[in-house]
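Engineer: Please find one structure pasted underneath; my questions will follow.
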Amino acid sequence: MTEDEFRELLDRHGGDLERWPRATLREARRLLAQSIAAQAMLDEMVAIDLALAETDGEATPPADLADRIFERAFGARTAGAGTASSDALTPDAAPLPGINRPV
Numbered sequence: 007m008t009e010d011e012f013r014e015l016l017d018r019h020g021g022d023l024e025r026w027p028r029a030t031l032r033e034a035r036r037l038l039a040q041s042i043a044a045q046a047m048l049d050e051m052v053a054i055d056l057a058l059a060e061t062d063g064e065a066t067p068p069a070d071l072a073d074r075i076f077e078r079a080f081g082a083r084t085a086g087a088g089t090a091s092s093d094a095l096t097p098d099a100a101p102l103p104g105i106n107r108p109v
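Mapping of the sequence shown onto our numbering: residues 7 to 109, in sequence order.
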């Protein structure tokens, strides 16, 4: 198993190796025993999994988030966004509640 294949499996199945398909576990564990990079990838995924578990569904995006994203991406107003404030699209707009970003 290559490190790229390992990363793809991490992205698909997460950091809990017990949830991975049995056919991949032996090769994944062999790679982990030999590769510091693979170990670091697994550590990173476990940290992400734990962070996501801590939110426990508490963070909910604003109802108009899709409209704001579309407007920012394409510079056009969508059907329900006519009442949206242009202030909501400024780069210094407040982050979504419950979402912490590393600095």
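Backbone N, C-alpha and C fix where the C-beta goes; we use that ideal spot for every residue, glycine too.
Because the structure is a prediction, the values reported are computed rather than measured.
Given this structure, state the Cα-to-Cα distance separating R35 from A29, to the nearest angstrom.
Structural biologist: Answer to the nearest angstrom: the Cα atoms are 11 Å apart.
Engineer: Just to check my reading of the structure: L110 and A46 have Cβ atoms closer than 8 Å, yes? What is that Cβ distance to the nearest angstrom?
Structural biologist: Since the first residue of the chain shown is 7 and the last is 109, residue 110 is not available in this structure.
Engineer: Expressed to the nearest angstrom, what Euclidean distance is found between the alpha-carbon atoms of S41 and R78?
Structural biologist: Computed Cα separation, rounded: 41 Å.
Engineer: Report buried or exposed for F80, applying the criterion of at least 16 other Cβ atoms within 10 angstroms of its Cβ.
Structural biologist: Flag for F80 reads exposed.
Engineer: Ignore the nearest five residues each way along the sequence and tell me which others in L23's own chain have a CB closer than 7 Å to its CB.
Structural biologist: If we look at L23 and ignore the five residues flanking it on each side, its Cβ neighbours are L31, A34.
Engineer: What does the alpha-carbon distance come out to for the pair G21 and D70?
Structural biologist: Distance between the alpha carbons of G21 and D70 is about 32 Å.
Engineer: Nearest-angstrom Cα distance between D10 and L58?
Structural biologist: Between D10 and L58, the C-alpha separation is close to 23 Å.
Engineer: Once you ignore the five residues that flank L15 on each side, which residues in its own chain have a CB closer than 7 Å to its CB?
Structural biologist: Contacts found: W26, T30, A34.
Engineer: Can you tell me whether R18 is buried or exposed? The criterion is at least 16 other CB atoms within 10 Å of its CB, across all chains shown.
Structural biologist: Exposed.
Engineer: Who are the Cβ neighbours of M51 in its own chain at under 6 Å, not counting the five residues just before and after it?
Structural biologist: Once the five neighbours on either side are set aside, the close Cβ partners of M51 are L16, G21.
Engineer: For L56, count neighbouring Cβ atoms within 10 angstroms of its own Cβ and tell me buried if that reaches 16, exposed if not.
Structural biologist: That one is exposed.
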